[in-house]
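Notes follow the structure.
2 protein chains.
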Amino acid sequence: MALTQDEVVHTAVRLLDDVGLEGLTLRRLGSELGVSAATLYWHVRDKRMLLDLMAEAIAAEHRSSTRPARGQPWWEWLSDRAWKQYQALTGHRDAALVAAGNRSTENSLPYIEELIGSLVDVGFPPREALESILTVGHFVLGSALEHQAVAARGTAGETDATLALRMREATDLPNLIAAIGCESVLDSESTFRHGLMLIMAGLRARHAELNDAPIIRA
Amino acid sequence: MALTQDEVVHTAVRLLDDVGLEGLTLRRLGSELGVSAATLYWHVRDKRMLLDLMAEAIAAEHRSSTRPARGQPWWEWLSDRAWKQYQALTGHRDAALVAAGNRSTENSLPYIEELIGSLVDVGFPPREALESILTVGHFVLGSALEHQAVAARGTAGETDATLALRMREATDLPNLIAAIGCESVLDSESTFRHGLMLIMAGLRARHAELNDAPIIRA
DNA sequence: CCCCTTCTCTAACAGTGTTAGAGACGCTAC
DNA sequence: GTAGCGTCTCTAACACTGTTAGAGAAGGGG
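Sequence order for the protein chains is A and B.
Position 186 of the first sequence, counted from 1, bears residue number 217 in the numbering used here, the numbering being contiguous throughout.
Position 172 of the second sequence, counted from 1, bears residue number 203 in the numbering used here, the numbering being contiguous throughout.
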């Protein structure tokens, strides 16, 4: 049976997990598919386009529950969406880097439309809803990027442990040492959750400012 | 006079502004310095290391006022730091991408130490101060990345205007259209400011929770 | 049967990061 | 002065990359 674009994209994602972004070469992907590298150009215009499709496939993995469940507070729902997005990005090796260079196609627009709708429904003006969703998205991307940069640093170069050790020896970084504490190293997941909490707190404050104040409400 | 590493890094940054990350090749950089490509390997171990040094040089551009001015609220000071960092990243072409792939050296540790110190001084526990600063950093990186991705999309491929136009024709994206409004396109600077405002609001709420409540409550 | 679309191939091109090894420059020690 | 030595730069090449031109196999419809 003839090779299809979906097949190319999906085995490209699987190959990315194995060999990382640097190892993802068209010849390698071709041999994975039992096909020459040139053949891939029949299914995909560019390597750039392939990466775009990959980024979209990864982002679409966890796209669900585009509306809050019944009785679920909107901030919990939004937090959950951000968390899923973060998981999708950190779940595949170097996926954040792929998404970073990505020029997003317009396939994500309906999804964003639904997100905005949910925030508009609870009282945010459309413009502000969009800006807030973008804010969450930027935070997610930056966090995933940093998470994977740390991971990449671990494989090659000096590990985090030695870095932490050197810090402990330095007496001129008291606050940093106090921040990391006795635990070996700061894990990026708790940092992500903290940041998400901050943004949600800001969003709720803003929501109260917008909706409670004008309408005299108890 | 012999070439120095600083010279290499700085003309590399200048070259990046001209030709972008894709155009930044070692041979091109060499010819810019009147030197062969192989020579650069005397001053720099890798291309990866060169990029790391460039990212650090760019990040260090706007590093100043590591403490709030007298009488300046801490959140305004922190906002300003984030804004300067954002400017440094968006001020150089593709700088966010360079910073994204960067394995950060430890030169930034003293800077982070000072930032934490300023937040600890106003009553944040060290751990939370660090996580909050990282949160701001991730948001800045993600925002800069998206800003430059949009810019790159503008040069090659279909422009934002046509994209916006197509959206306007679609009747199934009412909220998105309402969000963008009659203005041509959403500018990333105002989105950044909005996100920053959200994080600062969250931070202030958390600050109140930490410092005011315990006195009254427990 | 022949044409035509769809898919895949081989061969090559221009360019990349990177390395080995050979020099040129300037300083210091005899 | 000159021999030696570290510092810096060169040429030539290697292995690889994305990408393209053009040739060919497979199979269905006139």
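For glycine and all other residues, C-beta sits at the position ideal for the given N, C-alpha and C.
Asked: Would SER221 (chain A) be called buried (16 or more neighbouring beta carbons within 10 Å of its own) or exposed?; Found: exposed
Asked: Give the straight-line distance between the Cα atoms of LEU57 (chain B) and LEU82 (chain B), rounded to the nearest whole angstrom.; Found: 11 Å
Asked: Using a Cβ-Cβ distance cut-off of 8 Å, determine whether ILE247 (chain B) contacts chain A.; Found: Here the model assigns ILE247 (chain B) a pLDDT of 49, short of 50, so the residue's position is not dependable, and the following value carries that caveat. Not an interface residue.
Asked: For chain B, is any of its Cβ atoms less than 8 Å away from the one on GLU220 (chain A)?; Found: no
Asked: Kindly indicate if chain B contains any beta-carbon less than 8 Å away from that of ARG124 (chain A).; Found: no
Asked: Relative to the alpha-carbon of ALA86 (chain B), which residue among B:TRP114, B:ALA183, B:ARG45 and B:TRP108 has its alpha-carbon at the smallest distance?; Found: B:ARG45
Asked: Check the Cβ-Cβ distances between ILE143 (chain A) and every residue of chain B, and say whether any is below 8 Å.; Found: yes
Asked: Evaluate ASN133 (chain A) with the Cβ neighbour count: other Cβ atoms within 10 Å of its Cβ, from every protein chain shown; 16 or more gives buried, anything less gives exposed.; Found: buried
Asked: So if I threshold CB-CB distances at 8 Å, which residues from the stretch 128 to 162 of chain B count as touching chain A?; Found: LEU128, ALA131, GLY132, ASN133, ARG134, SER135, GLU137, LEU140, PRO141, ILE143, GLU144, ILE147, GLY148, VAL151, PRO157, ARG158, GLU159, ALA160, LEU161 and GLU162
Asked: Quick one: any contact between the stretch 98 to 107 of chain A and the stretch 116 to 127 of chain A, if contact means 3 or more CB pairs under 8 Å?; Found: no
Asked: Please list, in chain order, the chain A residues whose beta carbon lies closer than 9 Å to that of GLY65 (chain B).; Found: Within chain A, no residue comes near GLY65 (chain B); the closest Cβ sits about 31 Å away, beyond 9 Å.
Asked: Run through DSSP, which three-state label would VAL66 (chain B) get?; Found: coil
Asked: Start and end of the alpha helix (DSSP H) containing GLN103 (chain B)?; Found: Run containing GLN103 (chain B): none; DSSP gives neither H nor E here.
Asked: Roughly how many angstroms separate the alpha carbons of ARG248 (chain A) and LEU172 (chain A), rounded to a whole number?; Found: For ARG248 (chain A), the predicted model reports a pLDDT of 46, less than 50, meaning its position is unreliable and no value from the coordinates is stated.
Asked: Is the shortest distance between the beta-carbon of ALA182 (chain B) and the beta-carbons of chain A less than 8 Å?; Found: no
Asked: Which residues in chain B have a C-beta closer than 8 Å to the C-beta of GLU177 (chain A)? List them in chain order.; Found: LEU165, GLY168, HIS169 and LEU172
Asked: For ARG237 (chain B), decide whether its Cβ has a neighbour in chain A, counting only Cβ atoms nearer than 8 Å.; Found: yes
Asked: Quick one: is ASN242 (chain B) buried, meaning 16 or more other Cβ sit within 10 Å of its Cβ, or exposed?; Found: exposed
Asked: Who are the neighbours of HIS225 (chain B) on chain A, taking C-beta pairs under 8 Å?; Found: GLU159, GLU162, SER163 and THR166
Asked: Could you check what DSSP says for ILE247 (chain B) in three-state terms: helix, strand or coil?; Found: Here ILE247 (chain B) scores only 49 on pLDDT, less than 50, and its place in the model is too uncertain to base an answer on.
Asked: What span of residues does the alpha helix (DSSP H) with ASP77 (chain B) cover, start to end?; Found: Careful: ASP77 (chain B) lies outside any alpha helix (DSSP H) and carries neither H nor E.
Asked: Cβ of ALA160 (chain B) within 8 Å of Cβ of ALA210 (chain A)?; Found: yes
Asked: On a Cα-Cα basis, can you pick out the residue from B:ASP111, B:LEU84, B:ASN138 and B:LEU34 that is closest to ASN96 (chain B)?; Found: A quick correction: the sequence has Ser, not Asn, at residue 96 (chain B). That would be B:ASP111, whose Cα lies nearest to the Cα of SER96 (chain B).
Asked: TYR72 (chain B): buried (16+ other C-beta within 10 angstroms of its C-beta) or exposed?; Found: exposed
Asked: Could you confirm whether any beta carbon from chain A is found closer than 8 Å to the beta carbon of LEU207 (chain B)?; Found: yes
Asked: Considering only their Cβ atoms, is the gap separating ILE147 (chain B) from ASN206 (chain A) smaller than 8 Å?; Found: yes
Asked: Anything in chain A within Cβ reach of LEU204 (chain B), meaning under 8 Å, just list it in chain order.; Found: LEU140, PRO141 and GLU144
Asked: Counting only Cβ pairs nearer than 7 Å, list the residues of chain B close to ILE230 (chain A).; Found: LEU229, ILE230 and GLY233
Asked: Taking the straight line between their C-alpha atoms, what separation do you get for ILE230 (chain B) and LEU227 (chain A)?; Found: 9 Å
Asked: Could you tell me the boundaries of the alpha helix (DSSP H) in which ASP203 (chain B) lies?; Found: Careful: ASP203 (chain B) lies outside any alpha helix (DSSP H) and carries neither H nor E.
Asked: Who are the near neighbours of HIS41 (chain B) in its chain, counting only those whose CB is closer than 8 Å to its CB and skipping five residues on each side?; Found: ALA88
Asked: Does the beta carbon of ALA210 (chain B) sit closer than 8 Å to a beta carbon anywhere in chain A?; Found: yes
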